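The structure under discussion appears below in the form of structure tokens.
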Amino acid sequence: MTKLLNIDTIAPLVKKEIILNRKKYAVKATSVQLFLEIAEFEKQTANIDTVQEQIGAMIALIRKFIPDISEEVLLQASAVQLGTIIRFIRNDADEESTEDEKVEAEAKEGTTEAGK
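Residue 1 is where the sequence shown starts when you use UniProt numbering, and the numbers rise one by one after that.
In structure tokens:
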């Protein structure tokens with residue numbers, strides 16, 4: 001008898017995306033390599049003295065997870081937006097509801113209100 005552990009069905013990869021400036025970007029799943037990149041980023045940022053170096057490190061990490069996003073686009077973002085992207089990559093930030101989920105929730109609220 002063969003035993004089979006199908007990791008693909010037990011722990012499937014979750015598709016993640018961000019939207020910045022109305023453009024959608026795919027976020028790579030956190031592989032072991034990218035997990036180590038996050039750990040290295042956290043270690044480096046603890047020793048960074050300047051804002052320029054901090055922003056540079058943030059942009060470098062983001063681009064490892066979102067290779068389709070250009071440095072120019074990230075330089076136009078706010079520091080808060082960069083921090084939010086970093087937290088999302090690290091799974092520290094809650095995922096925003098999709099537009100479809102928001103419309104669906106509003107429709108349910110309207111139905112509930114009408115039923116009262």
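Even glycine gets a Cβ: it sits at the ideal position worked out from N, Cα and C.
All figures in this text were calculated on a predicted structure; none of them were measured in a lab.
Excluding the 5 residues flanking it on each side, A57 has same chain C-beta neighbours closer than 7 Å at F41, Q44, T45 and I48, in chain order. The segment 64 to 72 and the segment 18 to 34 touch, with no fewer than 3 CB-CB distances between them shorter than 8 Å. Spanning the alpha carbons of I7 and E37 requires a straight line of approximately 23 Å.
Exposure of F35 is indicated by the presence of fewer than 16 other C-beta atoms within 10 angstroms of its C-beta. Residue burial annotation: L5 is exposed, with fewer than 16 other C-beta atoms found within 10 angstroms of its C-beta.
Around the beta-carbon of A77, 16 or more other beta-carbon atoms lie within 10 Å, marking it buried. For V27, the enclosing beta strand (DSSP E) has its first and last residue at K23 to V27. Straight-line spacing of the CA atoms in K3 and T9 works out to 15 Å.
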